[in-house]
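Below is one structure, written out as structure tokens, with a few remarks after it.
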Amino acid sequence: MAAGRYYAHPQNQFWRLLSDILALPLASLPYDERIECMLQAGVGLWDVVGEAARKGSLDADLRQVSYNDLRQLLTQLPSLRAIGFNGQAAARAMPSVEASGVALLPLPSSSPAYTLPYDNKLAQWRKIGRYLVSESP
């Protein structure tokens with residue numbers, strides 16, 4: 001949170017997961033280059049939570065939560081094909097948008113607090129590959 005960047009904690013597996021899916025060395029790139037590579041592959045980052053009070057970095061510590069408007073996002077990005085939710089809490093927070101034709105993909109959390117083995121996480125995260133502009137062979 002203090003870094004002002006998504007998934008800045010070095011033990012969070014988000015960048016490693018995306019690196020493996022895209023076959024790009026995202027984790028070793030400067031943050032701005034990571035974002036640029038993601039955008040070129042058709043991946044964006046959007047936070048389910050608009051505002052919240054929190055002590056610490058765990059999503060379980062969120063209080064007074066205000067959510068971002070998913071329907072507005074879909075209006076702004078009509079070509080959006082899929083939304084991957086990083087963790088069950090994010091997936092549960094969003095209203096159903098099934099009628100929009102957007103695939104909703106709940107994914108295991110990339111947090112080190114979620115102890116599912118990395119290979120199991122990666123297998124599930126690979127579901128987003130079919131929606132990307134580029135993906136690993």
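Under the UniProt record's numbering, the letters of the sequence shown match residues 1 to 137, in that order. All C-beta atoms in this analysis are idealised placements derived from N, C-alpha and C, irrespective of residue type, glycine included.
Practice task
Round the Cβ separation of Gln124 and Leu107 to the nearest angstrom and send it over; I've been treating them as touching at under 8 Å.
Solution key: 6 Å
Practice task
Quick one: using the 10 Å Cβ neighbour count with 16 as the cut-off for buried, is Pro137 buried or exposed?
Solution key: Note that Pro137 scores a pLDDT of 42, beneath 50, so its modelled location is shaky; the value from the coordinates is reported in the next line. It is exposed - the Cβ of Pro137 has fewer than 16 other Cβ atoms within 10 Å.
Problem - the stretch 64-73 contacting the stretch 37-52, beta-carbon criterion three pairs below 8 Å - result: yes
Problem - For Arg34 and Leu22, believed in contact at Cβ under 8 Å, the rounded distance - result: No, Leu22 and Arg34 are not in contact; Cβ-Cβ is about 10 Å, not under 8 Å.
Practice task
Could you spell out the range, first to last residue, of the beta strand (DSSP E) harbouring Ala82?
Solution key: Ala82 to Asn86
Handout entry: Range covered by the alpha helix (DSSP H) that runs through Leu24
Key = Counting along the chain, Leu24 falls outside any alpha helix (DSSP H), and DSSP gives it neither H nor E.
Handout entry: Host beta strand (DSSP E) of Ala123 (start-end)
Key = Premise fails: Ala123 lies in the alpha helix (DSSP H), Tyr118 to Trp125, not in any beta strand (DSSP E).
Handout entry: Cβ-based neighbour list, Leu132, same chain, cut-off 6 Å, excluding 5 preceding and 5 following
Key = Ala41 and Gly42
Practice task
Could you pull out every residue in the same chain whose Cβ sits closer than 7 Å to the Cβ of Gln11, ignoring the five residues on either side in sequence?
Solution key: Pro112
Practice task
Go through its chain and collect everything with a Cβ distance to Leu17's Cβ below 7 Å, but skip five positions before and after it.
Solution key: Ser110, Lys121, Leu122 and Trp125
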